[in-house]
Structure formats: structure tokens, C-alpha cells
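Single-structure report; data block below.
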Amino acid sequence: MSVSGADGEKTVVFRRDAVRVQVPATSANLGPGFDSAGLALELVDELVAMVTDDPGVLVEVSGEGSDDLPRDSSHLVVRAMALGFSALGASPEGFVLRCTNVIPHGRGLGSSAAAIIGGLVLARALVVDGDDRLSDDNLLQLALTMESHPDNISAALFGSFTIAWTTDEGIADAARIEVNPDLRVIVAIPSFEVPTKAARQALPAHVDYATASFNIARSALLVHALTEDPSLLLEATADRMHQEQRRGMYAPSMVLVDSLRGRGIAAAISGAGPTVIAFALASEVDSVLSAIEGEWRTYALQIRPAGARVTGS
Ligand code: HSE
């Protein structure tokens, strides 16, 4: 099979067979944890790729976004694979990629993070000693160059609940935390989309001390509530830093968040929106679902312990 390698570097050998990767949807922020809290959900995209001796890329897409997504090197998974191959010192002649998309696009459920992490994990798995050449930490750093905030990419890579940060030197890192196994996440997805870039531009340049203090307390409490004491989740998912500031971009979602919170349900905007997430114990899922009125696509999901996984060929 194809072999490449820069002068003086160990030769790269590609796997001959196809590689399959599953990568989860993610929610971010979870209320107070702007750009840092992430949660992997049991809603997964599946990517299959194989290196070929024919030059170029061949992309097939089915499911979410299949009417609109490009089929060439501008496809986000292909771009992530190209970045991964380059970091691995690998230059395949070509490859084929099949994407079975389940994660809705433009809804704040981490479809871009899934594409980026999925593409990088695919590239690593297609190189015989890829795991030795590219650690998860290196991979996260590459992903950060494609998505400016580390919250979704960390949860998509490591699974479960993650707290992500960037160092003064701009290096991304994350801590993975086990959550209470009885917790479920209800997602309510509207039909409209909100581009994350526009949502970020809607935020003010500065945060005052009272607002910062409010969110710092809730972010710390969120870790305790998701792991030890879910009865604190209503308070722990309160936010003053970004949701109200973006209300105009997802007004119907904020009406639902306000209505659920008014009933004592821990609801927040998922990432940059417009999807709404609500936390519940398994026994409370039906009553939360019945409190969601109107035109929403709803799922009751488990929190996914695993991030992106190579699941075979
Ligand atoms: N944390 C980011 C934001 C989006 O709220 O802009 C993550 O999906």
C-alpha cells in the first residue's frame, strides 16, 4: 500500500482496509460554563474512510446536511483528515470517505466539532502506527486550530463531561469527569439554525464583576451537581454571561428555556444555540418531554461515556 515520508523521518505505512469512526454530538456551555463545559451525547455520526492509490478524494454523505455539504476537499471532515495526515507526516495518494450524519447542523450540537475530531481520528487510524505518532493531546491541539473554542472538541474527543481550557501559550487541555449515571439530557431542536460565528459576534466585549462572579459560582457548582447532587442542577445551569445577550438570535429557544426553568427544570441553551437542553433523572424524562410544547424535534439522550471511537472497518 501507499508509503510516504519526509527525508529522515520514519516511513508512513497506511492501513489497507477501511476504518470506521463513531463520533458524538456534544453540548457546550451547559448554562454558565461558557467555552469550557462540554458534554458528549448518545447521538453519533459515523465516518468510514479508506486510503486509495487513486489520486484525489471521493466523498459520500447521507443524512443530516446531505443536500448542502460539499463533496470535495472543502468538506470539513476531509479538511480535518488532511490536517491529521500532515501532522502524521503522511501524504496518501487519495482516499474515499463515507459520512452517515445524524447530528443536526447549525443547532449548537457540535456537528462541526464532530466533523473535525472524527476526521482527525480517522486520519490517525488510517496510519499503521498513528497512535504512536499523534497523541490525544496533540490531536486536541490540531482540532483547536480549526475551531477556536475547546469545549465541544474536548467532549467529542474524550466523551462524558469535560472541562476544557487553553493555557497562556494557547494550548488546549481538558479534564474528563464521570457524571451521575441516572442523568439524562433532553434536547429540543428547532427548525431554524444559528451560525456560531454570528452568535459569538453578538456578545459584548466585556463582562462585569457581578456577572463573572455569578457564572463562576454556577460553573463550579455544575461539576458538583452533574457528579454528586443533581438536585442542584437548576441553580447550577443558570447563566448571565451569554444567553440573554444572544436572546434575539434564538428568541423561541429562550422562551422555552424560561418556561422550563419556571417549572423547576434545569434548562439551558446548547452551545451557541438554538437547541435547548434540559437535565432530568431517568424517571423524570417523560414529564420533561411533556413540558415541551410546540414544534421541536426532541430526543431524550444518555450522556455518552466515550468520545470518538474507532469501531472497526
Ligand atoms: N461555547 C461556544 C459559544 C459555542 O457559546 O459561542 C460552543 O458550541
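If you use my numbering, the sequence shown corresponds to residues 5 to 317, in order.
Cβ atoms here follow ideal geometry from the backbone N, Cα and C, with glycine treated the same way.
Original post:
Nearest to residue 44 by alpha carbon, out of 212, 150, 197 and 166?
Top reply: Minimum Cα distance to residue 44 is reached at 166.
Subject >> heavy atom of the ligand HSE below 7 Å from residue 38 C-beta >> reply: True, at least one ligand heavy atom lies under 7 Å from that Cβ.
Subject >> In DSSP terms, what residue 49 is bridged to >> reply: When beta bridges are read from the DSSP output, residue 49 appears opposite 27.
**OP:** Please indicate yes or no: does the CB of residue 203 lie closer than 7 Å to some heavy atom of the ligand HSE?
**Re:** Because some heavy atom of the ligand HSE lies under 7 Å away, the Cβ of residue 203 counts as near it: yes.
**OP:** Examine the ligand HSE and report whether any of its heavy atoms sits within less than 7 Å of the Cβ of residue 316.
**Re:** Every heavy atom of the ligand HSE is 7 Å or more from the Cβ of residue 316, so no.
Original post:
Between which two residues does the beta strand (DSSP E) carrying residue 181 extend?
Top reply: The continuous beta strand (DSSP E) containing residue 181 extends over residues 176-181.
Original post:
Do residue 193 and residue 279 have their C-beta atoms closer together than 8 Å?
Top reply: Judged by their CB atoms, residue 193 and residue 279 are nearer to each other than the 8 Å cut-off.
Original post:
With a Cβ-Cβ cutoff of 8 Å, do residue 183 and residue 107 count as a contact?
Top reply: Contact: no.
Original post:
Just to confirm, does residue 156 get its C-beta within under 7 Å of one of the non-hydrogen atoms of the ligand HSE?
Top reply: Yes, the Cβ of residue 156 comes within 7 Å of a heavy atom of the ligand HSE.
Original post:
Unbroken alpha helix (DSSP H) runs of length 4 or more, entirely within the stretch 109-178: which are they?
Top reply: Taken in chain order, the whole alpha helix (DSSP H) runs of length 4 or more contained in the stretch 109-178 are 115-130, 134-137, 140-150 and 155-162.
Original post:
Just curious, the alpha helix (DSSP H) that residue 213 is in, first and last residue?
Top reply: First-last of the alpha helix (DSSP H) with residue 213: 213-231.
**OP:** From the DSSP output, in three-state form, read off residue 102 for me.
**Re:** If DSSP states are grouped into helix, strand and coil, residue 102 belongs with the strands.
**OP:** Quick one: grab the DSSP three-state call for residue 10.
**Re:** Its pLDDT being 47, under 50, residue 10 is placed unreliably by the model, and nothing is read from it.
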